[in-house]
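Quick note: the sequence shown uses this note's numbering, first residue 1168, plus one each step. Every residue, glycine too, gets a C-beta built ideally from N, C-alpha and C. What follows is a set of notes on a single structure, which appears directly below.
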Amino acid sequence: ETLPDPCDDRVVKDLEPPPMRPLSDELFYDASGLPNYTVIKKHLAKEGKVVKEHFMKLISDTTELLKKEDNLLKMAEPVCVVGDIHGQYYDFLHLLEKAGSPKKINYIFLGDYVDRGMFSVEVVILLFCLKVAHPDNVVLLRGNHECRNMTEHFTFREECITKFDEEVYKAVMEAFDSMPLACVINERYLAVHGGISPELKKLSQISKLDRFAEPPIKGLLCDLLWSDPMNDEDANDYEFTDNKERECSYMFGKKPTKKLLDGHNLMSVVRAHQVQIEGYKMHRWDGESSFPYVITLFSAPNYCDYYSNK
């Protein structure tokens, strides 16, 4: 049922009006009581609304699942790794359409789901639906924007309060606090939002972190979310330098990256955190024909309607 035209003079027949009412319990949940993410996905794409009761239960169920997970997870192929989404819901839908159902392929999301884009709430709803419906096939890693400091400074808190209220925002922040920090893919790749740290000697250190809080301004947890690989021309000359652009954390080079990878029989660090014109970048610090030490993924095309990135 759609909203009536108040003036009966502006009907655009090729543009479908938004749904008039939120989804009922019977439509929001499937026969097994799980979120019917196929229906919800289409409903949100039409700019349909979700009632607070449904969203709060979804947040609670997701948070409980996340709390049970280790800081450092493992995932086997087939797997689709997704970089920053930043509230670009319709681009996110296109990605899911291309990659396929979580029933057939595993997903690792590298964080930065919210802020800047106009549909961060919708992105969170769909991500949480996917997690609850397929808890073993969907990994939601924490990015540097999954925190109070960033979401208050940028757009997510305001968007969340506009579309729902402060209670919903606080519940989402608790879910963000519960997100794991890294994932080893197929025993060959380390997936993380930002990168490595001067403090990171063994991956077992990640498992010992207390992640259930606002990220600190320095230290291993901070670096996992905030660090960046050095430019190709500097990566062979330095191990770590201050990350002046971010005003926190570090830039990391080839030597410590190689040492960490070799020590765990890994091939590469797969991370997000930086916009890429091609949508990705292979950091080939041993030359153009070499395997990349770091792979950067960014999944928000034409980021902020400015970058014209793929």
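Taking the alpha-carbon positions, what's the residue i to residue j distance?
i, j, result
"T1424", "Q1443", "21 Å"
"V1277", "A1243", "The sequence shown places Leu at residue 1277, not Val. Distance between the alpha carbons of L1277 and A1243: 16 Å."
"K1213", "Y1256", "11 Å"
"V1291", "V1281", "8 Å"
"K1385", "D1251", "22 Å"
"S1430", "V1218", "Reading off the sequence shown, one finds Gly at residue 1430, where the question assumed Ser. Approximately 49 Å between the Cα atoms of the pair."
"S1199", "A1338", "25 Å"
"V1288", "K1270", "24 Å"
"Y1196", "P1185", "20 Å"
"E1381", "L1387", "13 Å"
"E1313", "D1258", "19 Å"
"V1249", "L1370", "22 Å"
"D1181", "E1400", "52 Å"
"N1316", "H1221", "26 Å"
"E1414", "T1408", "12 Å"
Just reading off the beta strand (DSSP E) that residue i is part of, what are its end residues?
i, result
"N1203", "Run containing N1203: none; DSSP gives neither H nor E here."
"D1275", "Correcting the residue type first, residue 1275 is Ile in the shown sequence and not Asp. N1273 to F1276 is the span of the beta strand (DSSP E), which, as asked, contains I1275."
"V1359", "Y1356 to V1359"
"V1290", "Here V1290 belongs to no beta strand (DSSP E); instead the alpha helix (DSSP H) covers S1287 to A1300."
"H1450", "Y1447 to H1450"
"V1442", "Here V1442 belongs to no beta strand (DSSP E), and DSSP marks it neither H nor E."
"L1307", "V1305 to L1307"
My guess is that residue i and residue j are in contact by the Cβ rule of under 8 Å, so how many angstroms apart are they, rounded?
i, j, result
"V1437", "L1357", "7 Å"
"D1237", "S1374", "6 Å"
"L1211", "L1293", "7 Å"
"I1363", "F1419", "5 Å"
"Y1417", "S1394", "5 Å"
"L1433", "R1324", "At roughly 36 Å, the Cβ-Cβ gap does not stay under 8 Å, so L1433 and R1324 are not in contact."
"H1450", "P1396", "5 Å"
"A1266", "I1275", "With 8 Å as the limit, A1266 and I1275 do not qualify as a contact, their Cβ atoms being about 11 Å apart."
"N1486", "H1360", "Outside the modelled stretch of the chain, which goes from 1168 to 1477, sits residue 1486, for which no answer is possible."
"G1284", "H1261", "With 8 Å as the limit, G1284 and H1261 do not qualify as a contact, their Cβ atoms being about 14 Å apart."
"N1469", "G1446", "Wrong, their Cβ atoms sit about 11 Å apart, outside the cutoff."
"V1206", "L1232", "Contact flag wrong, Cβ pair sits at about 21 Å."
"F1379", "D1344", "5 Å"
"T1230", "A1349", "So it is not a contact: roughly 19 Å between Cβ atoms."
"M1340", "R1309", "About 12 Å separates the two Cβ atoms, so there is no contact after all."
"V1483", "L1239", "Nothing can be reported for residue 1483, as the shown portion of the chain is limited to 1168 through 1477."
State the beta-bridge partners of residue i as determined by DSSP.
i, result
"N1487", "A query on residue 1487 cannot be resolved here, the shown segment of the chain reaching from 1168 to 1477 and no further."
"M1418", "D1395 and T1408"
"D1251", "F1465"
"M1242", "I1352"
"S1435", "Y1356"
"L1428", "In the DSSP output, where bridge partners are listed per residue, L1428 has none listed."
Taking the alpha helix (DSSP H) that residue i falls in, what are its first and last residues?
i, result
"C1350", "C1350 -> not in any alpha helix (DSSP H); beta strand (DSSP E) instead, spanning A1349 to I1352."
"M1223", "K1219 to K1234"
"M1340", "E1333 to D1344"
"R1324", "F1323 to K1330"
"L1263", "Y1256 to A1266"
"R1315", "R1315 to H1320"
"L1194", "D1192 to F1195"
"I1373", "S1371 to S1374"
Review point. Three or more C-beta pairs closer than 8 Å, one from the region 1451-1462 and one from the region 1294-1303: is that the case here?
Key: no
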